[in-house]
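Asker: Have a look at the structure that comes next, please.
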Amino acid sequence: MTIGEIIGIWVAAGLTLMMFSFIYRDNAFFKLGEHLYLGISVGYFVNIQYWQVLVPDVYRAIKVNHDFLALIPSILGIFILLRLIPSLAWLSRMSFAFYIGGFAGLAIPNVLHGYFLPQLFETLRPFDAGWAGNLNQLVILLGVFTVIIFFFFSLEHKNVVGGISRVGLFFIMVSFGASFGYTVMARISLLVGRFQFLIDDWIMGVIFRQGG
Amino acid sequence: MDFVNTILNLDRRVIYTIVGLLVAIPLIWPFSLPVIPTPETRGIYNAMDALPPGSHVMIAADFDPASKPELLPMLEALLAHCFIKDLKPHLLTLWPSGPGLAQQAIERQAEKYGKESGTDWCFLGFRYGTVAVILGMTSSITDTFVTDFYGKATSSMPIYERVSDIADMDYLVDIAAGATVEYWVVYAAEPEGVPMGASCTAVSATSYYPLLQAGQITGLSGGMKGTAEYEVLLREEYGQSFNIPTGDATKGMDAQSAVHVFIVLSIIIANICYFISLRREREERRKA
Amino acid sequence: MLFFKRQWPIIVAFVCGIVMWARYYIPTEQSQTLQDEFVRWARILFGFAAMLGILSLLHHHWNKIKFKRPGYGFSWITLVAFVIMALTGLLPISWQWIGFAESFRDLDGPHMYLFEYMFVPMQATMFSVLAFFIASAGFRAFRARSVEATALLVAGCIIMIGRVPVGDLITSGWTASIGGTDYSILPFAQVTDWLLNIPNAAAQRGIILGVILSQIAIAVRIIFGIERTYMGGGD
Amino acid sequence: MRKMLLIAGLAALAVVVPTLAAAEVPVPIETEVIDVPNDDGSALGVLWFWDGDAGLDIRVTVEADVTRDELDSYQLTVDETDLLQRAREELADRLGPILPDLYEATAQAAELQLRLRAAESEGNPDAASIRQEYWQQQRRATRLGRQRDKLWEWFEGRLRRPGGDYIFERAQTFDYLTATLDHSNWVPLAEVSGIGATLEEGVITWSPKSEAVERFGHHPYEPDKVYYAVGTYRALNPGMLSGSYTNEPDEIDYTAPRTITLNLEQGRTYNLRLVVERMQMDGDEWYTDENDRPVVLESATFDLGGGAPRVNFFNGAYFNNLIFAVGFAVIILIAIMLARRNPNMFIRRISGLEAVDEAIGRATEMGKPVLYLCGLDSLATLSTLAAINILGRVARRIADYDSDLVVPNRDPVVLTVAQEVVREAYIDQGRPDAYKEDNIFFVTDDQFSFTATTCAIMMRERPAANFFMGYYYAESLLLAETGASTGAIQIAGTDALHQLPFFITTCDYTLIGEELYAASAYLSREPMLLGSLKGQDLGKALIMVLIIIQTLLFAIHAVIALSNPGILQQSWDWLKLLVEPL
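Chains as they are written, first to last, in my numbering: chain A, 1 to 212; chain B, 1001 to 1288; chain C, 2001 to 2235; chain D, 3001 to 3582.
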């Protein structure tokens, strides 16, 4: 292990503990870490921006490929940055209108084809999966129907409709429960990951110098 | 104060300490619970394993360090699988903070299996635009990523001699910490007819089950558990011959299990106490 | 002038929207080129839009320092960290003199060093802190207040146990023999699978169909100039 | 409609003329060449049938008669040839001194890497010094490589014309194509679209990807027939044809590719033929000789006739997509128009909104403040706008009751709008005196500090009711848990699906997803929101009707399945036209 790596791991461990100090309460160490993180991440994004966008898409397109059309989006891009100057902010609308409008147009047929139709197709397909499969398919049909009823705002939730929407709510709750369980899992995984770093890399690897 | 009130007013610090210990202890003294792969994860593994050597696989590493423990080992396992099976991975990321981790992963695996950039694999790097990038690649990969991450022109790479766009890929995998799976399905996998697998953080796993149900993705790996399952599948089959060490996600499963059990028990106990105290209140009110 | 400020963007959005929509149904090469070119332009625009976020953040912190608002000391840290991180990657100089690799692109260059030992640990820790809070909320706030909350909590607990190895372990021993076949009494793994694949998928599908409809509604509103929030305020 | 297009796409029908009949090779009984429907005019569809199964040992290749006219578009002018020549020479001059060093450094680095790996696995103490050496060579190679890339960039910049025409590539294509046509004008067509096709040594082998055949297209009259689309052919490396091909880089460090892929030209008529070969087998695989090539035992060619790839102006496969897209758009626009005329369109009661009054009432009783959050996103987010709309209503009720309303903000723009809305509400209720601007304030824009401050307010002031409306991230849990521990009535509303579970378990009432928008439309009566909500409802009604129809058919099927088993299939065939994504 090089000196650089050892210093790096100490720094990383220190920063990890700094961020953990938020558990106790919001404090100066945490704020320090948060602001440091902000600066580092913005510095990192600037690099990504430069090397992965400006160089290949603008510089290379014009210098190497002689593709002068790339100048137009670059000018529109500069318009976007003018949003920071209040008197010229209106210029940015042109750029936003261009891409937000265009993507709205792209989205309609693509979302229908890639998501809406396949899901609808799968919901409506005839059952042919044997006894248990058909039962499951029925449950899915029921679930989709009742959930849509729950989010249907043109009917009062009374009597039959109320009952159906309550079934829908129950489906939603089971699904949210699943997502709840999974979210808990995710957060704990992150904690486990941090502890793996602290224990394996820092305490065992650097302080006790065991393993590699 | 009796038990019920003690539980209901338990100090936060006690709980924090228990959680900290439950994570730390299994990491220091592991008890190696068996990880049994689910059909969802097998869906990705089997699809990858069935590809003939020389097939092209596109892997999108759409995550950042915030989900490193969940997804980075998955990326490494997938890349290792590719290199073991002689598949050609095309790695890219749609997340601006993604390239750093992806670079580490692919360079580590490529070095281990002795694979060449530009011939056996390609790390395309990052471009802004998510949907714009995917749509661009459905028409041409080398026009969308004119250069790879290292600034080398992609059009002159041998790996792009036979493939030009996403339709030429044999499999797609999105390793996603956000909503990119949707975009990959809508703009790439469905219209181009390329089979796809999704690996996501546990937070968003539930929202992709309809896609799995409808066969729009062949498999789904959710969070660190899914990753651990993939590691286990890979190790079971190739661990001996390729000297694959136990993965980080597999190692973390003991701690994960311990904390889960604790949280579930705590919810149950706290709710029981809550109902007891509710009843007591009601009784007291009746007396008064 | 007012025309360019108000009507012009709406016309642009309408034309772009309708063209990109209609071209989907036209399979000619020119139509594909049109989309490719739009997509390439949009990619460059996205790059600049991302820069806007960066600039406004720096602007915010600069102002904080300039007007000495509370906590402006922390803003110095942000700015200094930014400058160091940016320069390590952008400066075309050799870093070998302080023991790094020559270029920032190499894994042992200074830029990736900062990335690995500062950016990664801090971002990874940020959300892992929540694990502690979830555990404490389990004691203090997750209550079965209503039928719905109960359903949610029960499903959540089943998933939490069923989706980790311990779920398989604690139920593997408990089996009942019916007609010679061993059935698991508490088949957590199977129940979990069923919950996720059937009721969960059904609910998510219902939600997705609704969400897609609202996405289409918003897209239609944008194309026809009814939704104008993207334009920001002002005249 | 789709059928019509397919018929229009039918180009030619050819009768099979076996030119070289051999007994062992299966003879296609019927063949056709058609223009591929719904494409951009780049491909021809080829269709043929065997009498039975052709067998694993049969190799089929589609070949096209490519004429020399095709060369015209790649021909270089004299000036261009001259320019290319000069650029090449200059590049060779400048690269000359770099290349040997670069190759040497790369080779050494590769060798050192192997040694390093060996040393590391043996635990050899020299590993550190080898690593040092390896990195040195690696860096040298990287540096030289960068110099080379720079020179290549310069070269490309000189030879590329605006519009993407690259003289170097064009010259190469010309050479390749000339050599290929000198060899034979019958060129194998590569790339069988939609089907996993591989080309090895000018021969296509295909294996249908899952469902790809089914999805790709069908014969216009007989839907079971599948055609193979062929749109490109490959020009081969002249060296490969003469047998002198090597993979070595030339004097300008360029490794010539083995093949170049070219497209069939739109509108030009090509004559096609089918080459059918019987291969020598080795078990289930083709037997390969010492040069790794399969051995052909018998072969025969069959003329397929001619066809020209033609451009289509409408993709018939997307007809159902168009119906849905236009249908939804029209419904939404009409609904918004109607809502402009009549803003009192019916929307069901949202039960969460009734809980709002109850919560405010309780706060007044206890003489405690009410806390309201508009979420953590900016004003551009839909849920933030919805939260502001609901804030107006809450402020109005509070003005009636005379308790305090506390609104911490994360976004300065949201702050000003929130102040405006609350002030208006107090004025509307005739209580401008009760409005306290200090209670609606900016906290900080960073996520966790905002959360910490807001939690501190909850602990200190102990509001009787907390409202969490708008968009939330991971902090939802912290906010809602702290609120619950103070014993406040909590009402949440968000479309952040991943945060909803935490709100549902910790709050007394939660507006789920679209309910938040509906509540906002219900209160604001803004035509855009109201109309679009109504339009979406109609869309949902359509989905529900389809589900009901399908369920009824299932029921009918279950009852009368015995008498008429085909009924479900028939109805499904009909419905499939509408919903199947092609």
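For every residue, glycine included, the Cβ atom is placed at its ideal position computed from N, Cα and C.
Using CA atoms only, rank isn't needed, just tell me which of C:2154, C:2012 and C:2035 is closest to residue 2022 (chain C).
Answerer: C:2035
Asker: To which residues does DSSP link residue 3260 (chain D) through a beta bridge?
Answerer: D:3235
Asker: How many Å lie between residue 2009 (chain C) and residue 103 (chain A) at the Cα?
Answerer: Distance between the alpha carbons of residue 2009 (chain C) and residue 103 (chain A): 15 Å.
Asker: Going by alpha carbons, who is nearest to residue 2089 (chain C) out of C:2114, C:2126 and C:2079?
Answerer: C:2114
Asker: Determine the burial state of residue 2067 (chain C): buried for a count of at least 16 other Cβ atoms within 10 Å of its Cβ, exposed for fewer.
Answerer: exposed
Asker: Near residue 3451 (chain D), which residues of its chain fall below 8 Å by C-beta distance, leaving aside the five closest residues on each side in sequence?
Answerer: 3475, 3478 and 3479
Asker: Helix, strand or coil: how does DSSP classify residue 3023 (chain D) here?
Answerer: Interpretation of residue 3023 (chain D) is limited by its pLDDT of 45, a score under 50 that renders its predicted location unreliable; no figure is taken from the coordinates.
Asker: For residue 3492 (chain D), list the residues DSSP reports as bridge partners.
Answerer: D:3468 and D:3510
Asker: Helix, strand or coil for residue 36 (chain A)? Go by DSSP, reduced to three states.
Answerer: helix
Asker: From this set, D:3385, D:3347, D:3283 and D:3186, which residue's C-alpha is nearest residue 3301 (chain D)'s C-alpha?
Answerer: D:3186
Asker: Give the secondary structure of residue 3306 (chain D) by DSSP, where H, G and I count as helix, E and B as strand, and everything else as coil.
Answerer: strand
Asker: Under a three-way DSSP split, which group does residue 3035 (chain D) fall into?
Answerer: In the structure shown, residue 3035 (chain D) sits in a strand (DSSP, three-state: E or B).
Asker: Against chain B, does residue 3149 (chain D) count as a neighbour if the rule is that its beta carbon must be under 8 Å from one of theirs?
Answerer: Using a Cβ-Cβ cut-off of 8 Å, residue 3149 (chain D) counts as an interface residue toward chain B, since at least one Cβ of chain B sits closer than that to its own.
Asker: Any Cβ of chain B within less than 8 Å of the Cβ of residue 2023 (chain C)?
Answerer: No, residue 2023 (chain C) lies away from the interface with chain B (no Cβ there is under 8 Å from its Cβ).
Asker: Residue 3312 (chain D) CB to nearest chain A CB: under 8 Å?
Answerer: no
Asker: So with CB distances below 9 Å, who are the chain C contacts of residue 47 (chain A)?
Answerer: 2085, 2086, 2088, 2089, 2090, 2104 and 2111
Asker: Kindly provide the ranges of any alpha helix (DSSP H) runs that are 4 or more residues long and lie completely inside the segment 3357 to 3428 of chain D, ordered along the chain.
Answerer: 3382 to 3401 and 3412 to 3428
Asker: Counting only C-beta atoms, is residue 126 (chain A) closer than 8 Å to chain B at any point?
Answerer: no
Asker: What did DSSP end up calling residue 1090 (chain B) once you bin it into helix, strand or coil?
Answerer: strand
Asker: Could you give the C-beta distance for residue 213 (chain A) and residue 198 (chain A), rounded to a whole number, given that I count them as a contact under 8 Å?
Answerer: In the structure displayed, chain A extends from 1 to 212; residue 213 (chain A) sits before or after that span and is not available.
Asker: For residue 3498 (chain D), which of helix, strand or coil comes out of DSSP?
Answerer: Coil at residue 3498 (chain D), not helix or strand.
Asker: Excluding the 5 residues preceding and the 5 following residue 3438 (chain D) in the sequence, name in chain order all residues of the same chain whose CB lies nearer than 6 Å to its CB.
Answerer: Excluding positions up to five away in sequence, the list is empty.
Asker: Counting only beta-carbon separations shorter than 8 Å, does residue 3336 (chain D) have a partner in chain C?
Answerer: Interface residue, yes.
Asker: Along the segment 3245 to 3269 of chain D, where does the CB come closer than 7 Å to a CB of chain B? Name the residues.
Answerer: 3257
Asker: Please classify residue 1014 (chain B): does DSSP put it in a helix, a strand, or coil?
Answerer: helix
Asker: Can you give me the C-alpha to C-alpha distance between residue 3268 (chain D) and residue 3309 (chain D), rounded to a whole angstrom?
Answerer: 7 Å
Asker: Relative to chain A, which residues along the segment 1109 to 1137 of chain B have a C-beta separation below 7 Å, given in chain order?
Answerer: Here the close residues are 1125, 1126, 1127, 1128 and 1131.
Asker: Compute the distance between the beta-carbons of residue 70 (chain A) and residue 62 (chain A), then report whether it is under 8 Å.
Answerer: yes
Asker: At 8 Å on the CB atoms, spell out the chain D contacts of residue 1203 (chain B), in chain order.
Answerer: 3498
Asker: Just to confirm the assignment, what range does the beta strand (DSSP E) spanning residue 3066 (chain D) have?
Answerer: Taken as a continuous stretch (DSSP letters only), residue 3066 (chain D) belongs to no beta strand (DSSP E), as it is neither H nor E.
Asker: Would residue 3037 (chain D) count as contacting chain B if we go by Cβ distances under 8 Å?
Answerer: no
Asker: If you measure between the beta carbons of residue 2131 (chain C) and residue 188 (chain A), is that distance less than 8 Å?
Answerer: By the CB criterion at 8 Å, residue 2131 (chain C) and residue 188 (chain A) fall inside the cutoff.
Asker: So what does DSSP say about residue 3188 (chain D), is it helix, strand or coil?
Answerer: strand
Asker: Please work out which residues of its chain come closer than 7 Å, Cβ to Cβ, to residue 3108 (chain D), disregarding the five sequence neighbours upstream and downstream, and give them in chain order.
Answerer: 3137
Asker: Output needed in chain order: residues of the segment 2011 to 2041 of chain C with a Cβ under 9 Å from some Cβ in chain A.
Answerer: From the segment 2011 to 2041 of chain C, only 2011, 2012, 2013, 2014, 2015, 2016, 2017, 2018, 2019, 2020, 2021, 2022, 2023, 2024, 2025, 2035, 2037, 2038, 2039, 2040 and 2041 have a Cβ closer than 9 Å to chain A.
Asker: List the residues of chain C that residue 3328 (chain D) touches, going by C-beta distances under 9 Å, in chain order.
Answerer: In chain order: 2213, 2216, 2217 and 2220.
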